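Accompanying notes for the structure given below.
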Amino acid sequence: MIGFDSPWVLTLLVVLPLLYPAWSRRILARPPARLLRHPALGGSDAAGRPQGGQRWLIVFLFAALASLILALARPVWLGESVALDPPSRSIVLLVDASPSMSARDFRDADDQPVSRMTVMREALLAFLEAHPDDRFSLLVVTDSAGTLVPETDDHAVLRFWIEQLEPGLDGSATALGDGLAVAMEQIAQRRERGEVPPQLLVWTDGVNTGGEMSPAEALTVARAENIELYTINLAPADSGVAGGEPTLEDLARLSGGQAIAAGDREALMSVTETMARHQTADAGQPSHRTRHPLLGWFLGAGLLSLLMAQFFNARLQV
54 MIGFDSPWVL
64 TLLVVLPLLY
74 PAWSRRILAR
84 PPARLLRHPA
94 LGGSDAAGRP
104 QGGQRWLIVF
114 LFAALASLIL
124 ALARPVWLGE
134 SVALDPPSRS
144 IVLLVDASPS
154 MSARDFRDAD
164 DQPVSRMTVM
174 REALLAFLEA
184 HPDDRFSLLV
194 VTDSAGTLVP
204 ETDDHAVLRF
214 WIEQLEPGLD
224 GSATALGDGL
234 AVAMEQIAQR
244 RERGEVPPQL
254 LVWTDGVNTG
264 GEMSPAEALT
274 VARAENIELY
284 TINLAPADSG
294 VAGGEPTLED
304 LARLSGGQAI
314 AAGDREALMS
324 VTETMARHQT
334 ADAGQPSHRT
344 RHPLLGWFLG
354 AGLLSLLMAQ
364 FFNARLQV
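The working numbering applies: residue 54 is where the sequence shown begins, and numbers increase by one.
Following this line, the structure appears as structure tokens:
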């Protein structure tokens with residue numbers, strides 16, 4: 054189908070019917086041209102202007118003007134709708150760098166004890182590698198919460214700072230509630246600007262030991278703002294560490310997100326698919342229609358009509 058990028062120009066077409074009576078009367082009222090004929094040919098030495106030529110002159114003049122107006126409206130041929138790849142996701146990584154992350158209660162492939170921080174670093178790096186087209190920001194929680202890496206698609210920068218993470222990086226407590234507050238504030242600001250908000254992925258051993266906001270208060274904010282929390286519990290089930298109130302599972306379930314146990318690589322890698330479904334549920338599948346400009350065709354038609362009008366005008370002058 055044909056579409057126009059400047060459809061308002063088409064309003065000029067209403068002028069053509071208004072011009073037709075005046076132009077046609079003017080052309081038809083021209084005094085007849087005189088033809089000089091050789092005496093041997095006989096017949097009158099004068100001939101009136103052929104009426105058919107006058108009519109065609111009017112037709113082509115108006116066709117030229119109409120083609121020019123259509124060309125100014127920037128016509129395009131709209132093809133079939135083509136599905137686009139989903140846009141890259143924006144994800145906030147809220148990570149725990151408190152002293153409790155130094156606990157060596159995980160086992161590696163060689164059955165050697167490794168720390169929770171080591172498990173988190175390896176999982177974060179694998180997560181980045183599995184999602185090369187997504188954008189990430191990195192927030193760190195210790196005694197307080199702050200942004201370590203603003204949102205970026207430069208995964209080399211993200212990998213560098215993830216590798217620098219150490220337990221007790223800047224304090225001796227875990228302000229999980231404050232970290233959730235900082236992350237949710239960033240999400241709310243994106244929504245206020247009319248942008249698609251990022252998803253929030255929380256990496257922690259689940260124990261809140263400091264800060265001004267409790268996880269329960271953060272959950273209240275998350276539910277009020279319709280923010281889904283995706284949590285990765287970095288405390289093994291047999292670690293003997295009691296979860297805070299609410300637990301990470303509660304934070305995820307009650308906010309509409311998903312809770313993932315540490316070491317569940319398959320669930321971790323698939324969580325972004327769940328995020329994507331939730332993130333694009335309202336937007337639908339992105340698509341676009343192929344576009345082929347028709348400006349040249351209409352200009353060509355206008356030029357051809359103008360040449361034909363000139364041809365008939367020249368005949369009428371003979």
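The C-beta atom is built at its ideal place from N, Cα and C for all residues, glycine as well.
Computed from a predicted model, the values in this text were never measured in an experiment.
Counterpart residues of residue i in DSSP-defined beta bridges
{"i": "asparagine 286", "result": "Thr257 and Ala314"}
{"i": "leucine 147", "result": "Leu192 and Val255"}
{"i": "arginine 386", "result": "Beyond the ends of the chain as shown, which are 54 and 371, falls residue 386; an answer cannot be given."}
{"i": "threonine 200", "result": "Leu192"}
{"i": "arginine 160", "result": "Pro166"}
{"i": "phenylalanine 57", "result": "Pro128"}
{"i": "threonine 205", "result": "Phe189"}
Residue i versus residue j - alpha carbon distance
{"i": "isoleucine 313", "j": "threonine 284", "result": "6 Å"}
{"i": "phenylalanine 113", "j": "threonine 343", "result": "32 Å"}
{"i": "alanine 362", "j": "leucine 131", "result": "31 Å"}
{"i": "isoleucine 55", "j": "histidine 345", "result": "9 Å"}
{"i": "aspartate 161", "j": "alanine 176", "result": "12 Å"}
{"i": "threonine 227", "j": "glutamate 270", "result": "15 Å"}
{"i": "glutamine 252", "j": "glycine 309", "result": "12 Å"}
{"i": "leucine 301", "j": "aspartate 207", "result": "29 Å"}
{"i": "isoleucine 240", "j": "valine 260", "result": "23 Å"}
{"i": "leucine 307", "j": "methionine 237", "result": "15 Å"}
{"i": "alanine 277", "j": "valine 210", "result": "34 Å"}
{"i": "glycine 230", "j": "glutamate 281", "result": "15 Å"}
{"i": "alanine 156", "j": "glutamate 133", "result": "58 Å"}
{"i": "aspartate 303", "j": "leucine 272", "result": "9 Å"}
{"i": "leucine 348", "j": "leucine 357", "result": "14 Å"}
{"i": "glutamate 182", "j": "leucine 65", "result": "56 Å"}
{"i": "arginine 142", "j": "histidine 184", "result": "9 Å"}
{"i": "arginine 108", "j": "aspartate 58", "result": "33 Å"}
{"i": "glycine 355", "j": "arginine 78", "result": "23 Å"}
{"i": "phenylalanine 159", "j": "proline 220", "result": "15 Å"}
{"i": "glutamine 165", "j": "threonine 262", "result": "29 Å"}
{"i": "aspartate 163", "j": "phenylalanine 180", "result": "22 Å"}
{"i": "alanine 336", "j": "valine 67", "result": "The predicted model places alanine 336 with a pLDDT of 43, which falls under 50 and marks its position as unreliable; any figure quoted below should be read in that light. Roughly 39 Å separates the two Cα atoms."}
{"i": "aspartate 186", "j": "isoleucine 144", "result": "11 Å"}
{"i": "proline 74", "j": "isoleucine 80", "result": "10 Å"}
{"i": "glycine 247", "j": "proline 70", "result": "46 Å"}
Reference residue i, options the options, closest by Cα
{"i": "methionine 154", "options": "Arg306, Thr257 and Trp61", "result": "Thr257"}
{"i": "proline 289", "options": "Arg342, Leu218 and Val167", "result": "Val167"}
{"i": "methionine 173", "options": "Arg212, Gly230, Leu71 and Ala354", "result": "Arg212"}
{"i": "glycine 353", "options": "Leu63, Ala116 and Ser59", "result": "Ala116"}
{"i": "serine 267", "options": "Leu253, Ala234 and Gln242", "result": "Ala234"}
{"i": "valine 275", "options": "Asn286, Gly355, Ala305 and Leu181", "result": "Correcting the residue identity first, residue 275 is alanine in this sequence and not valine. Residue Ala305 is the option with its Cα nearest to alanine 275."}
{"i": "glycine 264", "options": "Ser358, Arg157, Glu182 and Ala198", "result": "Ala198"}
{"i": "glutamine 311", "options": "Val260, Val255 and Phe364", "result": "Val255"}
{"i": "glutamate 204", "options": "Arg188, Gly247 and Glu238", "result": "Arg188"}
{"i": "leucine 118", "options": "Leu63, Glu219, Glu248 and Phe364", "result": "Leu63"}
{"i": "aspartate 232", "options": "Ser358, Trp109, Ile111 and Val193", "result": "Going by the sequence as given, residue 232 is glycine instead of aspartate. It is Val193."}
Proximal residues to residue i (C-beta, below 7 Å), its chain only, five neighbours per side dropped
{"i": "phenylalanine 351", "result": "Ser120, Leu123, Ala124 and Pro128"}
{"i": "leucine 218", "result": "Val148, Ala150, Met170 and Arg174"}
{"i": "leucine 178", "result": "Arg212 and Ile215"}
Own chain, CB closer than 8 Å to residue i, minus 5 neighbours either side, in chain order
{"i": "tryptophan 214", "result": "Leu191, Leu201 and Val202"}
{"i": "leucine 287", "result": "Asp149, Met154, Arg169, Val172, Met173, Trp256, Thr257, Asp258, Gly259 and Ala315"}
{"i": "proline 60", "result": "Ala126"}
{"i": "proline 299", "result": "Pro268, Ala269, Leu272 and Leu307"}
Cβ neighbours of residue i in the same chain (closer than 6 Å, five flanking residues each side left out)
{"i": "threonine 195", "result": "Ala150, Ser151, Leu222, Asp223 and Gly224"}
{"i": "leucine 359", "result": "Ala117"}
{"i": "proline 377", "result": "Here the chain covers residues 54 to 371 and nothing more, so residue 377 does not appear."}
{"i": "tryptophan 76", "result": "none"}
Exposure of residue i, with buried meaning 16 or more beta-carbon neighbours within 10 Å
{"i": "arginine 169", "result": "buried"}
{"i": "glutamine 242", "result": "exposed"}
{"i": "glycine 101", "result": "Per-residue confidence for glycine 101 stands at a pLDDT of 47, beneath the threshold of 50, marking its modelled position as unreliable; no derived number is given."}
{"i": "leucine 146", "result": "buried"}
{"i": "alanine 403", "result": "Nothing about residue 403 can be reported from this structure: the residues present for the chain run from 54 to 371 only."}
{"i": "asparagine 279", "result": "exposed"}
{"i": "leucine 72", "result": "exposed"}
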